[in-house]
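Counting from 1, position 346 in the sequence shown corresponds to residue 534 in the numbering used here; the numbering is continuous, with no gaps.
From the three backbone atoms N, C-alpha and C, an ideal C-beta is built for every residue, glycine too.
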Amino acid sequence: MNKPLRLLLVGFVLAFAGACATPQTGGMPSGNPGALVEQLETELTRARSNQVDVLAPGLFNDAQSAFMKAKQGLDKGAKLTDIQGYIAQGNASLKKAEEIAQVSRTILGETNKARDNALKVGADRLGEPYMKVEKQYLKLTKAIENDNLSYAQKNAAEVQTAFRDVEIMAIKKSAIGDARKMMADADKAKVQKTAPTAYKDALQALNEADAYIGQNPYEADIISQKAAHAEFMARRMMSLDESGKKFQKMTPEASALYVEGLLARLEKTMNSGDLRDKRIDAQLSVMTGTVEAMGQKNRSLETDNLNYQSQIANLEQQLTGLQGYSREQEAAKRKLAAEREFNEKFNKVQRFFRRDEAEVYKQGGQLVIRMRGIKFPVGQATLTPENYTLLSKVQQAIETFGQPTVTIEGHTDSTGSAQTNQELSQKRAEAVKTYLVANKTLPSNRIRATGYGPSRPLAPETTPEGRAMNRRIDVLITPSQTP
């Protein structure tokens, strides 16, 4: 420590050498005893907020003890002089505590910063690891109270490092605590034996995150990314372990049939045809080609859309260049703007749905979502959970148009009586409306449900396929400004 600072601290200590002895009360405080007790309590609260309770713990405890005696005396109706004496002792102890706290702040400046940093990230929630360091810290401040400056100076750096360690420990717990728990659960389940490769990958991701935090504890964004990757790899490990155990119980043929079924579901969704007579790699090759073709088609649609938007922009420019618009010209401008907006939203909504889920098309100024994938139990109008994914996409489509009006149309095939089918189609349309209103898609007065029974078929009723096509729910969205 340099000489000027040493002289300053010696001056502090000499000035307050009596800090550890019984404080002198000085003159008795005068005034209402209840107000005096309340004032001392306020001063103690303020001092605690300034960390005087840890920077000068002995003297602060003396002040706290005197306050408690004064408060108990007030509650029990003790003599006024006794209460005033306790108040005087408390004030004297608190004054000296604040003076010693200033000395502690000077000597332990960097250590105090390390302690504050640890508390900011919740290190005190670690329990025993933090309390161990806190006890070491209190030894420093008590040593300063006892005029043992050399002990505080000698051990301050060690305590500073310890606070830094628990700070990093708290950051790690917050960032990778979940990943650590998953790895611990994996160890208990002996996943290392059943899924060794996945276990190794997950452990490596966790160790990399752990090491990075240790070296870069304040790089919050990168820590978040590495922690998320560690959790992902841990979940992957558990998923592969579960799949591996499942395959262990299967015969080779059963495993092959299981994989074939998964691929068949993809083939159906992508409309790739029945490829089960080909090897797995050949099936994947066909599906990859289908996906690439769909991507090219989407890019082509986007190009067409951009060209269309460019044409509209050119028309708008031409309109802008004209002077003295007539009412018809102004209406044409609004119509073009509405049509452009409608087409943008139509293209957006089309991308929400797979082919097997819904068909989206324009009908006049309306957008129609023909839900192919919605399923009801035979003869019933109850929505089952398997429909929720499709319905959530319908919600998203409706919300794309802000506050439109919506018509839900229920349709059936001609099997059974016309009246029964009419009632069933109405109930199914109302079930969809109830779902949309309950999920706050639109207010009830903006959605209408209508059942048409078998009166509006899309295909002949002579085949099962035709009847299946006729059983449907159509959602008609009318924007507030129709093109």
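- Taking a contact to require three or more Cβ pairs closer than 8 Å, the stretch 640-648 and the stretch 607-618 qualify as touching.
- DSSP lists Val-548, Val-663 as the beta-bridge partner residues of Ile-557.
- The straight-line gap separating the alpha-carbon atoms of Asp-544 and Ile-557 is approximately 12 Å.
- Within the model, the alpha-carbon separation for Gln-497 versus Glu-527 is close to 10 Å.
- Using a Cβ distance threshold of 7 Å, Ala-285 and Phe-255 do not count as a contacting pair.
- Unbroken alpha helix (DSSP H) runs of no fewer than 4 residues, entirely contained in the stretch 383-466, are found at 384-403, 408-436, 440-458, following chain order.
- Ranking Asn-493, Pro-667, Ala-399 by CA distance to the CA of Gly-553 puts Pro-667 first.
- The stretch 380-395 and the stretch 337-346 do not touch, with fewer than 3 CB-CB distances between them shorter than 8 Å.
- Per DSSP, the unbroken alpha helix (DSSP H) holding Gly-261 starts and ends at 245-264.
- Collapsing the DSSP output to three states places Thr-329 in a helix.
- Pro-592 has its alpha-carbon roughly 41 Å from the corresponding atom of Val-474.
- In this structure, the beta-carbon distance from Ile-359 to Val-309 falls below 7 Å.
- The alpha carbon of Asn-300 has as its nearest neighbour, out of Gly-315, Gln-252, Gln-324, the alpha carbon of Gln-324.
- In the structure shown, Arg-644 adopts coil according to DSSP, grouped into three states.
- Under DSSP, Val-594 forms a beta bridge with Ile-635, Ile-665.
- With 16 or more other Cβ atoms inside 10 Å of its own Cβ, Arg-659 counts as buried.
- Of the candidates Ala-302, Glu-396, Ala-331, Ala-331 places its Cα closest to the Cα of Ile-288.
- By the Cβ rule, the stretch 459-473 does not count as touching the stretch 489-503, because fewer than three pairs are nearer than 8 Å.
- For Ile-356, the enclosing alpha helix (DSSP H) has its first and last residue at 337-376.
- In this structure the stretch 383-397 does not touch the stretch 439-459; the number of beta carbon pairs closer than 8 Å is below three.
- Between the alpha carbons of Ala-619 and Ile-596 lies a gap of roughly 10 Å.
- The alpha helix (DSSP H) runs lying completely inside the stretch 568-632 and spanning 4 residues or more are 576-588, 606-626, given in chain order.
- If the five residues before and after Phe-589 are omitted, its C-beta is found closer than 8 Å to the C-beta atoms of Lys-533, Leu-555, Ile-665, Pro-667, Ser-668, all from its own chain and listed in chain order.
- Residue environment analysis places Thr-600 among the buried positions, since at least 16 neighbouring C-beta atoms fall within 10 angstroms of its C-beta.
- Residues of the same chain with their beta carbon placed closer than 6 Å to that of Ser-253 are lacking, with the five preceding and five following residues left out of the count.
- Rounded to the nearest whole angstrom, the C-alpha separation of Asn-531 and Ala-585 is 13 Å.
- Under the DSSP assignment, Gln-277 falls in the alpha helix (DSSP H) whose first and last residues are 268-295.
- Between Gly-261 and Tyr-274 a beta carbon distance of about 6 Å is seen, short of the 8 Å cut, so the two are scored as contacting.
- Judged by beta-carbon spacing, Lys-414 lies within the 7 Å limit of Tyr-400, meaning their Cβ atoms are closer than that value.
- In chain order, Leu-282 place their CB closer than 7 Å to the CB of Glu-231, counting only its own chain and leaving out the 5 sequence neighbours on each side.
- Straight across, the Cα-Cα distance linking Ser-632 with Lys-523 is about 29 Å.
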